[in-house]
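Protein chains in written order, with my numbering: chain A, 6 to 378; chain B, 782 to 887.
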């Protein structure tokens, strides 16, 4: 984030403005990715008029960065009507798509509408791996075709890859492919639990060794020594810091109108079919609860050496049972990065019986302990 | 007498008011700009049909304690800068509803 963008985010926080939002237009999808956290059946998506009205409300509330995602956004026949309306409202728009349905006419319209960037999911540079992950034969070829068409028209393209066992050694190939096409590349090492709390897909997470290799790849993290430096522990300022932008300057709206702090933080906070977006944003007890949390309020994380530098996701912590608790996935990442176990991992190792599954919501044991080698 | 100049917001931008300021992002370069209160007033008034000197006189000088000559000179510099980034259009004729620029590949 640039200094100016950070300054604007700080101003938005001060003013209580939802500067960024993700709106999933549909959960339907033409791919069936093995790691996907969504239920692809349509349980009553918002109609075109509802979405256009929501966009009006979001613009009035101050949303500037708007991500349109899914599911596959182009599965909606009214996608371009929605996009045109959103651009007329001068949102800064990022599209997330698999690109399979993007041909020359669609690429031309996306270009003409001044979309800021298009993020395309590419899991491997090898068709046999990518197509096995998406469970759609030919999908890599079609996604790359979309990227080429968009790049030829000057659209900024980002290849987004999710690290999992199936593609653990392929990210360099995807990065090289992105460079060849003039696209950017981002790698997400996090598999997200299903939105209903099912954690079985976490078995797809790479092992600690593969994670450690990623965190020491300077092509991905910059200065690896600095990135993997031992944590210093949270200072007083860090203890009063907000965990992340979710619910503070960012939010997520599902295809059914449900509002959450973030796409990865499925805490139901209201529904725009019953309540105005701004009303939910300002007065939802759930969002206000999220806003009240600082690192100081987190019993385990406030004592943890990683407290000031951890990538702890409050949504993953929520999915683990307690939004004021640790996110074990992030604890594992901190451990792979620095070799130093978090308070949470130490506690689990010392007394795993302290958190019996029967007391937790949506909890199952992680498939393997990161420090069990 | 100087010819009238008309200014219009480019359609190839993203923008949003943030308090009394305005965030503007160029679609061509993804460069982010912020406009202060006076610049925001000018930006909001850049409808393509109101001459720049009229915007300065009726919107800016009416609200802020600034001489019309200085304000117009500053406004001309400002619109030139924004035009150089492709986020504002300038013409000596009224500008019809701006269209998204085709632009060069980024």
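Note that the Cβ used here is the ideal one computed from N, Cα and C, for glycine as well. Computed from a predicted model, the values in this text were never measured in an experiment.
Per-residue contacts from residue i into chain A (C-beta, under 9 Å)
i, result
"residue 865 (chain B)", "In chain order: nothing, as chain A lies at least about 18 Å away."
"residue 811 (chain B)", "97, 121, 122, 161"
Residue i vs residue j beta-carbon contact at 9 Å
i, j, result
"residue 200 (chain A)", "residue 40 (chain A)", "no"
"residue 52 (chain A)", "residue 71 (chain A)", "no"
"residue 192 (chain A)", "residue 211 (chain A)", "no"
"residue 888 (chain B)", "residue 794 (chain B)", "Residue coverage of chain B in this structure runs from 782 to 887, which leaves residue 888 (chain B) outside it and unanswerable."
"residue 174 (chain A)", "residue 215 (chain A)", "yes"
"residue 276 (chain A)", "residue 306 (chain A)", "no"
"residue 343 (chain A)", "residue 235 (chain A)", "yes"
"residue 98 (chain A)", "residue 56 (chain A)", "no"
"residue 798 (chain B)", "residue 821 (chain B)", "yes"
"residue 79 (chain A)", "residue 107 (chain A)", "yes"
"residue 796 (chain B)", "residue 282 (chain A)", "no"
"residue 299 (chain A)", "residue 240 (chain A)", "no"
"residue 255 (chain A)", "residue 27 (chain A)", "yes"
"residue 104 (chain A)", "residue 152 (chain A)", "yes"
"residue 196 (chain A)", "residue 219 (chain A)", "no"
"residue 67 (chain A)", "residue 138 (chain A)", "no"
"residue 250 (chain A)", "residue 274 (chain A)", "no"
"residue 209 (chain A)", "residue 171 (chain A)", "yes"
"residue 787 (chain B)", "residue 833 (chain B)", "yes"
Interface residues of chain A facing residue i [CB-CB closer than 7 Å]
i, result
"residue 815 (chain B)", "9, 13"
"residue 808 (chain B)", "119, 121"
Chain A residues whose Cβ lies nearer than 8 Å to that of residue i
i, result
"residue 794 (chain B)", "95, 119"
Inter-residue spacing [alpha-carbon to alpha-carbon] between residue i and residue j
i, j, result
"residue 148 (chain A)", "residue 37 (chain A)", "14 Å"
"residue 17 (chain A)", "residue 819 (chain B)", "20 Å"
"residue 865 (chain B)", "residue 811 (chain B)", "14 Å"
"residue 203 (chain A)", "residue 828 (chain B)", "52 Å"
"residue 295 (chain A)", "residue 128 (chain A)", "33 Å"
"residue 155 (chain A)", "residue 858 (chain B)", "35 Å"
"residue 805 (chain B)", "residue 861 (chain B)", "16 Å"
"residue 54 (chain A)", "residue 34 (chain A)", "22 Å"
"residue 912 (chain B)", "residue 785 (chain B)", "A query on residue 912 (chain B) cannot be resolved here, the shown segment of chain B reaching from 782 to 887 and no further."
"residue 83 (chain A)", "residue 257 (chain A)", "20 Å"
"residue 883 (chain B)", "residue 336 (chain A)", "Note that residue 883 (chain B) has pLDDT 38, beneath the 50 cutoff, so the model's placement of it is unreliable and the number below is only indicative. Near 46 Å, if we compare the C-alpha coordinates of residue 336 (chain A) and residue 883 (chain B)."
"residue 303 (chain A)", "residue 324 (chain A)", "16 Å"
"residue 835 (chain B)", "residue 825 (chain B)", "13 Å"
"residue 351 (chain A)", "residue 181 (chain A)", "38 Å"
"residue 801 (chain B)", "residue 150 (chain A)", "44 Å"
"residue 5 (chain A)", "residue 846 (chain B)", "Residue 5 (chain A) is absent from the structure shown; chain A starts at 6 and stops at 378."
"residue 232 (chain A)", "residue 48 (chain A)", "43 Å"
"residue 855 (chain B)", "residue 840 (chain B)", "14 Å"
"residue 376 (chain A)", "residue 356 (chain A)", "Caution is warranted here: a pLDDT of 37 is assigned to residue 376 (chain A), below 50, making its placement in the model unreliable, and no coordinate value can be reported."
"residue 190 (chain A)", "residue 328 (chain A)", "30 Å"
"residue 803 (chain B)", "residue 853 (chain B)", "20 Å"
"residue 387 (chain A)", "residue 334 (chain A)", "Absent from the structure is residue 387 (chain A), since the part of chain A shown begins at 6 and ends at 378."
"residue 110 (chain A)", "residue 120 (chain A)", "15 Å"
"residue 177 (chain A)", "residue 844 (chain B)", "57 Å"
"residue 226 (chain A)", "residue 316 (chain A)", "14 Å"
"residue 194 (chain A)", "residue 213 (chain A)", "11 Å"
"residue 849 (chain B)", "residue 792 (chain B)", "29 Å"
"residue 252 (chain A)", "residue 353 (chain A)", "29 Å"
"residue 242 (chain A)", "residue 136 (chain A)", "46 Å"
"residue 387 (chain A)", "residue 326 (chain A)", "Because chain A here runs from 6 to 378, residue 387 (chain A) falls outside it and cannot be looked at."
Rounded Cβ spacing between residue i and residue j (contact assumed at less than 8 Å)
i, j, result
"residue 876 (chain B)", "residue 789 (chain B)", "4 Å"
"residue 116 (chain A)", "residue 158 (chain A)", "4 Å"
"residue 102 (chain A)", "residue 123 (chain A)", "6 Å"
"residue 75 (chain A)", "residue 134 (chain A)", "So it is not a contact: roughly 23 Å between Cβ atoms."
"residue 60 (chain A)", "residue 89 (chain A)", "Actually they do not touch by this definition, with Cβ atoms about 11 Å apart."
"residue 42 (chain A)", "residue 206 (chain A)", "7 Å"
"residue 9 (chain A)", "residue 813 (chain B)", "5 Å"
"residue 266 (chain A)", "residue 292 (chain A)", "6 Å"
"residue 164 (chain A)", "residue 125 (chain A)", "6 Å"
"residue 229 (chain A)", "residue 221 (chain A)", "5 Å"
"residue 13 (chain A)", "residue 24 (chain A)", "7 Å"
Proximal chain B residues relative to residue i, where beta-carbon distance stays under 7 Å
i, result
"residue 22 (chain A)", "799"
"residue 17 (chain A)", "799"
8 Å Cβ cut-off: residues of chain B touching residue i
i, result
"residue 221 (chain A)", "Ordered by position in chain B, no residue passes the 8 Å Cβ test against residue 221 (chain A), which lies about 30 Å from the chain."
"residue 67 (chain A)", "797, 798, 799"
message = Would you call the stretch 266–280 of chain A in contact with the stretch 311–328 of chain A, where contact means no fewer than 3 C-beta pairs closer than 8 Å?
response = yes
task = Flag this pair as touching only if the stretch 297–315 of chain A and the stretch 324–344 of chain A have three or more C-beta atom pairs under 8 Å; answer yes or no.
result = yes
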